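Peer 1: According to my numbering, the stretch in the sequence shown is residues 13 to 448, in order.
Got a structure for you, written out below as structure tokens; questions coming shortly.
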Amino acid sequence: MAEDAEAMDMAAGTLPSSDIAVKSEAQDRQDPDQKEGQQEVGLKRPLPSDAGGDDVDHKRSKGENDSQEDDKEIAETDTPALSKNQLRKLRRQKMWEEKKKEKKEMRKKKRQDKKERKQLEREAEIAAAATEGREPVFQEKPQREPAVKVPVTIIIDCQYEKYMMEKELVSLGNQVTRCYSDNRNAKYPVHLFVSSYGGQMKERNETILNNQHKNWKNIHFVEGDFIEAAAQAKDLMNKAGKDQLIDVLAQDKGVDSISLSKPSEDSKKKQKTALVPEPEADDVDRSIVYLTADSPYTIERLEPNTCYVVGGIIDKNREKGLCYKVARQNNVRTAKLPIGDFMVMTSRHVLATNHVMEIMLSWLETGDWRAAFMKVIPQRKGGKLKGDTSTPEAEQEKTNDTTRDSQPENGTIAAEDIEVISPDADRQQESTAQAV
């Protein structure tokens, strides 16, 4: 009977139960990735008669396994995972390092080319002089006037690192380098200090910049605050016998160089956001002046044996009044440059650290704030001297004023500007034309 039932099943096109069980076990042993791929794509299982069917399935499963292994390897190497911004910064840093090497090689090549060119010019001059029977004439560098150091100290306060982003810290380091360069090439250099020296600036100087700052002269890096740097500067100015009291420092000696600012129209508009000015305490340290645009006092001139502190911060005006608060907490004098007394600005009177340094060095040389501001303040600040009518903007405004004055009010036309011609005059002109 069993054989008859099996024969009937085969005739009906169905498989015996034993064969069905074997087939299900084979499907369970099938690669799960291959089985899942077949279910998603909806492909039939290739028949044994299909040429290369097994090879295709084998390659597909192998490729999927390889990609999974690659992802696993990347995950292991990238631990901990970096964000997109961090990866972007790493790429920029790598590109900068590559370009730095290229620029270094280019500068080296330019120096070599310049040296070779000068040597060829020298040899050509010697040959020409020998032919003409004369002595060779060589172009000499113009001799620089000897620098005269003055008893004034400028301190760059670098305690605001936590308020700045990474690119702003790099910019501050570049500004400090510019301050050193300007002071080294100045006619009347000052004593230059960098206070609160440490953190990323120190790390960058010692690693990326290869300790180049250690070769700088007449600059002092102090890890303490600006009060400690000022104490060292005072001892240095008292001991230095080569400091010279130039004319601009000797004038009005004994008269206070700082006065309370007069409120201007620009300051009246900003009274709501401006800090409340505080009177100086009786025991304020008068030998230290913190320069900040938020101070209610204005500096009229520089005084000898005085330390002027410049806030080393680049924050795009995010931390308004920060330097002024720090100065008041340390009980030192505050003042701002007299920009508002000489110039009209279209933006805040906040300058970069190196610009403040350059303005003060220029004043020591000329004794003229007006000339110092015009020389240093960038044009993007939109500054112009008060009462100056020589600028294109002033000329255009003057032209517009003249045009407005020549026109009647309310756009009306004056009666004397209208030419009235009578009809008889028209007929008379017509007959005259025909007679001609």
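Where a beta carbon is used, it is the ideal one built from N, C-alpha and C, also for glycine.
Note that the coordinates shown come from a computational prediction; the quantities given were computed from them, not determined experimentally.
1. Pick helix, strand or coil for residue 410, following the three-state DSSP scheme.
2. Locate the beta strand (DSSP E) running through residue 302, then write down its first and last residues.
3. Near residue 336, what residues of its chain come up, given a Cβ to Cβ distance below 7 Å and the 5 sequence neighbours on each side ignored?
4. Since I believe residue 322 is in contact with residue 365 (beta carbons under 8 Å), could you give me their beta-carbon distance rounded to a whole number of angstroms?
5. If we define contact as Cβ-Cβ less than 9 Å, is residue 344 a contact residue for chain C?
6. Output needed for residue 325: all residues of its chain with C-beta closer than 6 Å, excluding positions within five of it in sequence on either side, in chain order.
7. Hey, how far is the Cα of residue 344 from the Cα of residue 389?
8. Identify the residues that DSSP records as bridge partners of residue 168: which are they?
9. Assuming contact is defined by CB atoms lying nearer than 9 Å, are residue 167 and residue 238 in contact in what I supplied?
10. List the whole-angstrom C-beta distance separating residue 165 from residue 320, where the pair is believed to meet the contact cut-off of C-beta under 8 Å.
11. Any contact between the region 120-130 and the region 218-231? By contact I mean 3 or more CB pairs, one from each, below 8 Å.
12. Please classify residue 205: is it buried, with 16 or more other beta-carbons within 10 angstroms of its beta-carbon, or exposed?
13. Quick one, which of 241, 119, 139, 186 has its alpha-carbon nearest residue 299's?
14. Going by the DSSP bridge assignment, what does residue 233 pair with across the sheet?
15. How far does the beta strand (DSSP E) with residue 271 in it reach, from first residue to last?
16. What is the rounded straight-line gap between the Cα of residue 207 and the Cα of residue 301?
17. Quick check on the DSSP output: the beta strand (DSSP E) that includes residue 347 runs from which residue to which?
18. From residue 357 to residue 383, what distance separates their C-alpha atoms?
19. What does DSSP give as the partner residue(s) for residue 355 in the beta ladder?
20. Measure the Cβ-Cβ separation of residue 2 and residue 162 and say whether it is below 9 Å.
21. Check the C-beta distance from residue 309 over to residue 269 and give it rounded, since I have them as a contact under 8 Å.
22. Excluding five sequence neighbours on each side, which residues of the same chain lie with their C-beta closer than 7 Å to the C-beta of residue 387?
23. How is the alpha helix (DSSP H) around residue 371 delimited, first residue to last?
24. Identify, in the order they occur along the chain, each residue of the same chain with its Cβ nearer than 7 Å to the Cβ of residue 342, setting aside the five sequence neighbours on each side.
25. For residue 309, report the span of its beta strand (DSSP E) as first-last.
26. CB-CB under 8 Å to residue 340, same chain, minus the five flanking residues each way: which ones, in chain order?
27. Is it buried or exposed, residue 426, if we count other Cβ atoms within 10 angstroms and call 16 or more buried?
28. Closer than 6 Å by C-beta to residue 138: which residues in its own chain qualify, once you throw out the five before and the five after it? Chain order, please.
29. Are the CB atoms of residue 250 and residue 317 within a distance shorter than 9 Å?
30. Between the C-alpha atoms of residue 216 and residue 135, what's the straight-line distance to the nearest angstrom?
31. In this structure, does DSSP put residue 137 in helix, strand or coil?
32. Look at the alpha carbon of residue 160 and the alpha carbon of residue 266, and state the distance between them as a whole number of angstroms.
33. Reducing DSSP to helix, strand and coil, say where residue 108 ends up.
34. How long is the line joining the alpha carbons of residue 93 and residue 188, rounded to whole angstroms?
35. CB residue 175 to CB residue 312, shorter than 9 Å?
Peer 2: Straight from the coordinates:
1. As a first step, residue 410 must be located in the sequence shown, where it is residue number 398. In this predicted model, residue 410 has a pLDDT of only 48, less than 50, meaning its place in the structure is not dependable; the value taken from the coordinates is given anyway. If DSSP states are grouped into helix, strand and coil, residue 410 belongs with the helices.
2. Here the question's residue 302 lines up with position 290 in the sequence shown. Segment 297-303, the beta strand (DSSP E) holding residue 302.
3. Locating residue 336 in the sequence shown gives position 324, counting from the first residue. Excluding residues within five positions, the ones whose Cβ falls inside 7 Å are 287, 304, 306, 307, 346.
4. Looking up residue 365 in the sequence shown gives position 353. Looking up residue 322 in the sequence shown gives position 310. Their Cβ separation, rounded to whole angstroms, is 5 Å, which keeps residue 365 and residue 322 in contact under 8 Å.
5. The chain labelled as chain C is not found in the depicted structure, where only one protein chain is given.
6. Here residue 325 refers to the residue found at position 313 when the sequence shown is read from its first residue. Excluding sequence neighbours, residue 325 sits near 172.
7. Here residue 344 refers to the residue found at position 332 when the sequence shown is read from its first residue. Here residue 389 refers to the residue found at position 377 when the sequence shown is read from its first residue. Between residue 344 and residue 389, the C-alpha separation is close to 27 Å.
8. For the purposes of this step, residue 168 is taken as the residue at position 156 of the sequence shown. DSSP, once it has assigned bridges, lists 206, 322 as partnering residue 168.
9. In the sequence shown, residue 167 corresponds to position 155, counting from 1. In the sequence shown, residue 238 corresponds to position 226, counting from 1. Yes, the Cβ-Cβ distance between residue 167 and residue 238 is below 9 Å.
10. For the purposes of this step, residue 165 is taken as residue 153 along the sequence shown, with counting starting at 1. For the purposes of this step, residue 320 is taken as residue 308 along the sequence shown, with counting starting at 1. So it is a contact: roughly 7 Å between Cβ atoms.
11. no
12. Residue numbering aside, residue 205 sits at position 193 when the sequence shown is read from its first letter. So residue 205 counts as buried.
13. Your numbering for residue 299 matches position 287 in the sequence shown. If we check each option's Cα against that of residue 299, 241 comes out closest.
14. Within the sequence shown, residue 233 is the residue found at index 221, counting from 1. According to the DSSP secondary-structure assignment, residue 233 is paired through a beta bridge with 206.
15. Counting from one through the sequence shown, the residue named residue 271 turns up at place 259. Counting along the chain, the beta strand (DSSP E) containing residue 271 begins and ends at 270-272.
16. Here residue 207 refers to the residue found at position 195 when the sequence shown is read from its first residue. Here residue 301 refers to the residue found at position 289 when the sequence shown is read from its first residue. Each residue's alpha carbon lies about 15 Å from the other.
17. If you number the sequence shown from 1, residue 347 lands on position 335. First-last of the beta strand (DSSP E) with residue 347: 344-347.
18. Walking along the sequence shown from the start, residue 357 turns up at place 345. Walking along the sequence shown from the start, residue 383 turns up at place 371. Going by C-alpha positions, residue 357 is about 16 Å away from residue 383.
19. In the sequence shown, counting from the first residue as 1, residue 355 sits at position 343. Answer is 397, bridged to residue 355.
20. This structure cannot speak to residue 2, because the chain is shown only from 13 to 448.
21. Counting from one through the sequence shown, the residue named residue 309 turns up at place 297. Counting from one through the sequence shown, the residue named residue 269 turns up at place 257. At roughly 10 Å, the Cβ-Cβ gap does not stay under 8 Å, so residue 309 and residue 269 are not in contact.
22. Within the sequence shown, numbered from 1, the residue matching residue 387 stands at position 375. Excluding positions up to five away in sequence, the list reads 374.
23. Here residue 371 is taken as the residue at index 359 of the sequence shown, counted from 1. In the DSSP assignment, residue 371 falls within the unbroken alpha helix (DSSP H) covering 365-378.
24. Locating residue 342 in the sequence shown gives position 330, counting from the first residue. If we look at residue 342 and ignore the five residues flanking it on each side, its Cβ neighbours are 239.
25. On the sequence shown, residue 309 is found 297 positions in, with the first residue counted as 1. Start and end: 309-311.
26. Taking the sequence shown and counting its residues from 1, the one referred to as residue 340 is at position 328. 290, 346, listed in sequence order.
27. Against the sequence shown, residue 426 aligns to sequence position 414. Since pLDDT at residue 426 reaches only 41, below the 50 mark, its modelled position is unreliable, and no value is offered.
28. As a working mapping, residue 138 is identified with position 126 in the sequence shown. Contacts found: 148.
29. Numbered from 1 along the sequence shown, position 305 holds the residue referred to as residue 317. Numbered from 1 along the sequence shown, position 238 holds the residue referred to as residue 250. Result yes, Cβ atoms of residue 317 and residue 250 sit closer than 9 Å.
30. Locating residue 216 in the sequence shown gives position 204, where the first residue counts as 1. Locating residue 135 in the sequence shown gives position 123, where the first residue counts as 1. Those two C-alpha atoms are separated by around 44 Å.
31. Reading the sequence shown from its first residue, position 125 is the one you call residue 137. The answer is helix: DSSP assigns residue 137 an H, G or I state.
32. Your numbering for residue 160 matches position 148 in the sequence shown. Your numbering for residue 266 matches position 254 in the sequence shown. For the pair residue 160 and residue 266, the Cα-to-Cα distance works out to about 23 Å.
33. Position 96 of the sequence shown, counting from 1, holds the residue named residue 108. Helix, per DSSP.
34. Within the sequence shown, residue 93 is the residue found at index 81, counting from 1. Within the sequence shown, residue 188 is the residue found at index 176, counting from 1. Using only the alpha carbons, I get a separation of about 35 Å.
35. Taking the first residue of the sequence shown as position 1, residue 175 is located at position 163. Taking the first residue of the sequence shown as position 1, residue 312 is located at position 300. Contact flag unset, no.
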